[in-house]
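Before any comments, here is the structure.
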Ligand code: ATP
């Protein structure tokens with residue numbers, strides 16, 4: 001059984017953000033189930049991530065078939081398709097995943113994700129902009 005800090009993670013959406021996350025988690029030794037509905041994306045990462053499948057994450061039956069409800073931790077890395085991001089997050093809440101990290105592309109999108117039950121919302125571009133501002137100002141050595 002994995003310890004609390006190294007629980008298996010399902011990563012949904014393998015764009016730049018999701019694929020970087022899935023690859024880094026794999027490198028760190030975390031068991032990853034990666035899902036994207038574009039077969040080409042799945043093919044291109046197949047050699048690097050052990051469990052990777054092409055499926056529509058807004059399809060509840062597909063999530064059950066893949067064993068997604070058995071995971072305690074998930075990342076929803078779908079951004080620009082806000083409808084798919086919201087639907088997927090709400091299905092993960094519905095199947096009982098406790099720890100859901102969801103990517104948002106705007107503060108409003110982030111607020112909706114929090115309201116429907118995402119436990120952590122990440123705004124990569126805003127967050128990175130703030131970090132880089134600290135680095136540029138020279139005030140923070142390791143922000
Ligand atoms: P990034 O900036 O990380 O590249 P993005 O926000 O520009 O991402 P999106 O179009 O939101 O890109 O999608 C991220 C990934 O999620 C894509 O690879 C896309 O195929 C996948 N995706 C979108 N909808 C679904 C879905 N319903 N089921 C599974 N994967 C999906």
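In the UniProt record's numbering, the protein residues as written are 1 to 143. C-beta atoms are modelled at their ideal positions from N, C-alpha and C, and glycine is treated no differently.
**Study point:** Continuous alpha helix (DSSP H) stretch holding residue 72: start and end
**Key:** Your numbering for residue 72 matches position 72 in the chain shown. Unbroken run through residue 72: none, as it is neither H nor E.
Review point. Where does residue 122 fall in DSSP's three states?
Key: Here residue 122 is taken as the residue at index 122 of the chain shown, counted from 1. Here residue 122 sits in strand by DSSP.
Review point. For residue 73 versus residue 9, is the C-beta spacing smaller than 8 Å?
Key: On the chain shown, position 73 is the one that residue 73 refers to. On the chain shown, position 9 is the one that residue 9 refers to. Contact flag set, yes.
Practice item. Using three-state DSSP, classify residue 59 as helix, strand or coil. Key: On the chain shown, residue 59 is found 59 positions in, with the first residue counted as 1. In this structure, residue 59 counts as coil in the three-state DSSP scheme.
Point to revise | Reduced DSSP category for residue 81 - H, G, I as helix; E, B as strand; rest coil | key: For the purposes of this step, residue 81 is identified with residue 81 of the chain shown, where counting begins at 1. In the three-state DSSP reduction, residue 81 falls in the coil class, being neither helix nor strand.
Exercise for review: Could you tell me if the beta carbon of residue 17 falls within a distance shorter than 7 Å of some heavy atom in the ligand SAH?
Suggested key: No copy of the ligand SAH appears in this structure; the ligands present are the ligand ATP.
Review point. Taking Cβ positions, are residue 97 and residue 71 nearer each other than 8 Å?
Key: Here residue 97 is taken as the residue at index 97 of the chain shown, counted from 1. Here residue 71 is taken as the residue at index 71 of the chain shown, counted from 1. Taking 8 Å as the Cβ cut-off, residue 97 and residue 71 qualify as a contacting pair.
Practice item. Assign residue 33 to one of three DSSP states: helix, strand, or coil. Key: Here residue 33 is taken as the residue at index 33 of the chain shown, counted from 1. In the three-state DSSP reduction, residue 33 falls in the strand class (E or B).
**Study point:** C-beta contact flag for residue 29 and residue 77 at 8 Å
**Key:** Here the question's residue 29 lines up with position 29 in the chain shown. Here the question's residue 77 lines up with position 77 in the chain shown. In this structure, the beta-carbon distance from residue 29 to residue 77 does not fall below 8 Å.
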